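Engineer: Line by line, the protein sequences give chains A and B. Convert by adding 104 to the 1-based position in the first sequence; the result is the number in the working numbering. Convert by adding 268 to the 1-based position in the second sequence; the result is the number in the working numbering. Heads up, the beta-carbon is just placed ideally off N, CA and C, and yes, glycines get one too. All figures in this text were calculated on a predicted structure; none of them were measured in a lab.
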Amino acid sequence: MGGTRAFLRDIAKKYFAVGIVGVTVSDRYASVVSVRGSSMSPTFNPGTNANDYVLVEKFCLQNYRLSHGDVVIFCSPINHKENHIKRIVALPGDWMGNDALDDLLYVPEGHCWVEGDNSASSLDSRSFGPIPMGLISGRVTHIIWPPHRIGRVGRPDNHRELRLP
Amino acid sequence: MGGIRALLWDVAKKYFSVGIVGVTVSDRYASVVSVRGSSMSPTFNPGTNANDYVFVEKFCLENYRLSHGDVVIFCSPNNHKENHIKRIVALPGDWTGSDSLDDLLYVPEGHCWVEGDNSASSLDSRSLGPIPMALIRGRVTHIIWPPHRIGRVGQKR
Chain A
105 MGGTRAFLRD
115 IAKKYFAVGI
125 VGVTVSDRYA
135 SVVSVRGSSM
145 SPTFNPGTNA
155 NDYVLVEKFC
165 LQNYRLSHGD
175 VVIFCSPINH
185 KENHIKRIVA
195 LPGDWMGNDA
205 LDDLLYVPEG
215 HCWVEGDNSA
225 SSLDSRSFGP
235 IPMGLISGRV
245 THIIWPPHRI
255 GRVGRPDNHR
265 ELRLP
Chain B
269 MGGIRALLWD
279 VAKKYFSVGI
289 VGVTVSDRYA
299 SVVSVRGSSM
309 SPTFNPGTNA
319 NDYVFVEKFC
329 LENYRLSHGD
339 VVIFCSPNNH
349 KENHIKRIVA
359 LPGDWTGSDS
369 LDDLLYVPEG
379 HCWVEGDNSA
389 SSLDSRSLGP
399 IPMALIRGRV
409 THIIWPPHRI
419 GRVGQKR
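1. Can you name, in chain order, every residue of its own chain whose Cβ lies under 7 Å from the Cβ of V184 (chain A), other than the five neighbours on each side?
2. Let me check one thing: in DSSP terms, what residues is S413 (chain B) bridge-paired to?
3. Please give the ranges of any beta strand (DSSP E) in the segment 170-232 of chain A, keeping only runs that are unbroken, at least 3 residues long and fully inside the region.
4. Against L391 (chain B), what residues of chain A qualify as contacts under a CB-to-CB distance less than 8 Å, listed in chain order?
5. Entirely within the segment 111-181 of chain A and at least 4 residues each: give me those alpha helix (DSSP H) ranges in chain order.
6. DSSP beta-bridge partners for S299 (chain B)?
7. Shorter than 8 Å from the beta carbon of V127 (chain A) to some beta carbon of chain B?
8. How would you write the range of the beta strand (DSSP E) that R355 (chain B) sits in, first residue to last?
9. Classify A274 (chain B): buried if its beta carbon has 16 or more other beta carbons within 10 angstroms, exposed otherwise.
10. Just mark L239 (chain A) as buried or exposed, buried being the case when its beta carbon has 16 or more other beta carbons within 10 Å.
11. Along the alpha helix (DSSP H) that carries L391 (chain B), what are the first and last residues, could you check?
12. Is there a Cβ from chain B that is less than 8 Å from the Cβ of C179 (chain A)?
13. What does L239 (chain A) touch in chain B if you count any residue whose Cβ is under 9 Å from its own?
14. Could you tell me whether the Cβ atoms of T128 (chain A) and V291 (chain B) are closer together than 8 Å?
15. Answer with buried or exposed for T108 (chain A), where buried requires no fewer than 16 other C-beta atoms within 10 angstroms of its C-beta.
16. Please check the pair E377 (chain B) and I182 (chain A), which I expect to be a contact at CB under 8 Å, by giving their CB distance rounded to whole angstroms.
17. Can you find a CB in chain B that lies within less than 8 Å of the CB of E219 (chain A)?
18. When you compare each of A:R256, A:I235 and A:L209 to N347 (chain B) by their alpha carbons, which one comes out closest?
19. So the candidates are A:Y168, A:D207 and A:L208; which of them puts its Cα closest to the Cα of I192 (chain A)?
20. Give the residues of chain A in contact with I412 (chain B), contact being defined as C-beta atoms less than 8 Å apart.
21. State yes or no: is the beta carbon of D131 (chain A) nearer than 8 Å to at least one beta carbon in chain B?
22. What are the start and end residues of the beta strand (DSSP E) that includes I254 (chain A)?
23. With C-beta atoms as the reference, is P196 (chain A) less than 8 Å away from V211 (chain A)?
24. Give me, in chain order, the residues of the same chain whose beta-carbon lies closer than 6 Å to that of R259 (chain A); leave out the 5 immediate sequence neighbours on both sides.
25. Is S285 (chain B) helix, strand or coil when you go by DSSP?
26. Whole angstroms are fine: how far does the CA of S225 (chain A) sit from the CA of C179 (chain A)?
27. H336 (chain B) bridges to which residues according to DSSP?
28. Taking 8 Å as the threshold (C-beta atoms), are M308 (chain B) and D371 (chain B) in contact?
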């Protein structure tokens with residue numbers, strides 16, 4: 105009886121240890137999230153089938169090594185309970201061409217401009233403006249589900265940002 | 269020889285477990301930070317002596333149960349590498365009076381207005397504007413150092 109109890113305690117301790125390590129890794133290093141909605145179509149969720157699952161790495165947050173074209177997860181500036189996935193189009197200090205305003209927009213320090221790949225159906229910086237980079241919680245590197253779409257998430261071919269000398 | 273190695277391995281595993289648990293607790297539940305600057309004087313750092321150390325709880329982030337007067341730590345919207353400590357003066361949907369503008373400001377959804385207790389020397393929402401609540405990293409509940417100032421941090425200036 106004593107041997108069984110010690111055995112169960114040992115198993116419980118190992119599960120707890122694995123759980124804690126898993127939580128720490130997921131918080132700080134990498135995790136998996138499901139993508140909802142079609143604002144990043146066709147990069148993610150190109151059809152109306154099941155949602156894509158993507159791998160999110162958080163090493164980029166240590167030094168904020170983020171570049172144009174990176175797909176990031178960020179907390180919505182207008183609803184702190186929601187996370188969104190969009191692509192970085194402009195970084196701090198960039199000037200952006202804005203077709204709607206026929207004007208140039210300056211992206212202030214500490215902020216970035218994000219847009220969804222599916223412009224027609226995307227709630228992004230065109231509505232809520234540049235977002236503070238402190239809201240970014242990770243960078244999407246790979247699609248890991250469904251199997252026929254497994255692969256790296258790359259940069260798009262066109263950049264809409266214009267850098268003044 | 270085998271016994272000593274097993275003992276060292278056991279100690280190392282215990283230190284590692286404690287370390288991991290400590291990191292998880294500090295990330296998600298509560299941690300201790302030092303306060304720099306005088307923007308929250310006299311609540312924190314009332315003199316030019318050593319910095320206060322405060323206890324920060326992160327349970328408030330689960331449901332964002334934040335109230336007027338709560339002192340929070342947030343990531344600066346202009347510099348994601350810096351954290352600031354200020355007091356929440358207005359919540360989403362509030363209209364806040366701003367003396368410098370002689371006007372009423374509306375605090376949009378998902379944002380809050382923060383100010384330092386030491387208005388003369390505080391970089392806060394009067395310069396940065398309302399900050400998205402998602403930048404908040406935790407709520408200050410107690411001063412835990414120096415010993416003669418240990419106590420709860422209230423919701424009044």
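Structural biologist: On the basis of the supplied data:
1. The residue asked about is misnamed: residue 184 (chain A) is His in this sequence, not Val. No residues qualify anywhere along the chain.
2. According to the sequence provided, residue 413 (chain B) is Trp. The question's Ser does not apply to it. Beta-bridge pairing links W413 (chain B) to B:Y321.
3. 175-180, 183-194, 199-202, 207-210 and 215-219
4. Under the 8 Å cutoff, chain A gives no residues; its nearest Cβ is about 13 Å from L391 (chain B).
5. 164-167
6. B:V324
7. yes
8. N351 to A358
9. exposed
10. buried
11. Counting along the chain, L391 (chain B) falls outside any alpha helix (DSSP H), and DSSP gives it neither H nor E.
12. yes
13. C343, P345, H348, P400, A402 and L403
14. yes
15. exposed
16. 5 Å
17. no
18. A:I235
19. A:Y168
20. Under the 8 Å cutoff, chain A gives no residues; its nearest Cβ is about 24 Å from I412 (chain B).
21. yes
22. Element bounds for I254 (chain A): n/a, residue is neither H nor E.
23. yes
24. G173
25. helix
26. 19 Å
27. Per DSSP, none; premise fails for H336 (chain B).
28. no
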